[in-house]
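For reference, the structure is listed below as structure tokens.
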Amino acid sequence: MSHYYDENPEIESDEITFTYSYDQHNLKLTTDSGVFSKGKIDFGSDLLIRTFLKSNPPGLRKKIVDVGCGYGPIGLMIAKCAPHHEITMVDVNERALALAKKNKKINNIDNAEILKSDGLTQTVDNNYDAIVTNPPIRAGKQVVAGILEDAYSKLKADGSLYVVIQKKQGMPSAKKKMEETFSNVEVIDKSKGYYILKSVKVDFEM
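Residues in the sequence shown are numbered from 241 upward in steps of one, following our numbering.
Given below as structure tokens:
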């Protein structure tokens with residue numbers, strides 16, 4: 241059986257296109273079998289997008305990474321709402337990456353780069369302002385923990401990690417891991433069992 245976190249899902253293609261809206265911004269998104277949340281944006285990703293954009297109103301240019309981008313709703317909506325930001329979107333799923341690139345093109349988004357990467361392993365910078373992720377829970381606790389740990393080294397001082405996760409799918413353990421890694425974590429929003437966790441990289445030498 242193929243999963244959305246597989247590199248090459250072995251499942252017949254069956255594309256679906258829908259429109260996703262936030263504020264005055266609209267995205268036309270194509271999804272497919274073998275990727276996460278086919279046919280509509282999932283509740284957790286929508287909550288993460290809305291919470292992040294409310295917490296980060298237009299301002300100075302930022303470098304942001306969307307880890308496990310799938311077909312692209314999180315990274316592309318942030319890019320659409322804040323065209324001055326520089327967005328890097330990463331995933332390991334080849335079909336999801338192809339869809340994200342297609343969705344970037346049809347929505348005329350120029351400030352997003354889409355890369356194949358297992359977590360953050362292929363991102364070259366270590367001075368990102370923010371990392372956002374709806375982590376691949378079904379890939380296992382070790383994979384999720386790896387993303388949370390790697391985020392620390394990829395963020396600049398005062399950079400922030402934003403994670404959406406359901407309580408029943410590992411929120412307590414993710415929160416503990418973020419506290420251990422960053423020495424801080426807070427719940428900045430929650431709804432219908434989904435939690436938005438935020439940790440900030442503190443530079444103790446500042």
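Note that beta-carbon positions come from the ideal geometry of N, C-alpha and C, so glycine has one too.
The three-state reading of DSSP puts Q409 in helix, counting H, G and I together. A buried status is given to G310, since no fewer than 16 other beta-carbon atoms sit within 10 Å of its beta-carbon. By DSSP's assignment, N266 forms a beta bridge with S261. Below 8 Å, enough C-beta pairs join the segment 315-325 and the segment 339-348 to call them touching: three or more. Here E426 is not near K407, since their CB atoms are 7 Å or more apart.
For T291, the enclosing alpha helix (DSSP H) starts and ends at 283-295.
Under the three-state reduction of DSSP, L316 is assigned to helix.
Contact annotation: the segment 331-342 touches the segment 302-316, with at least three C-beta pairs closer than 8 Å. Short of 6 Å from the beta carbon of L293, and not among the five residues preceding or following it, lie these beta carbons of its own chain, in chain order: C321.
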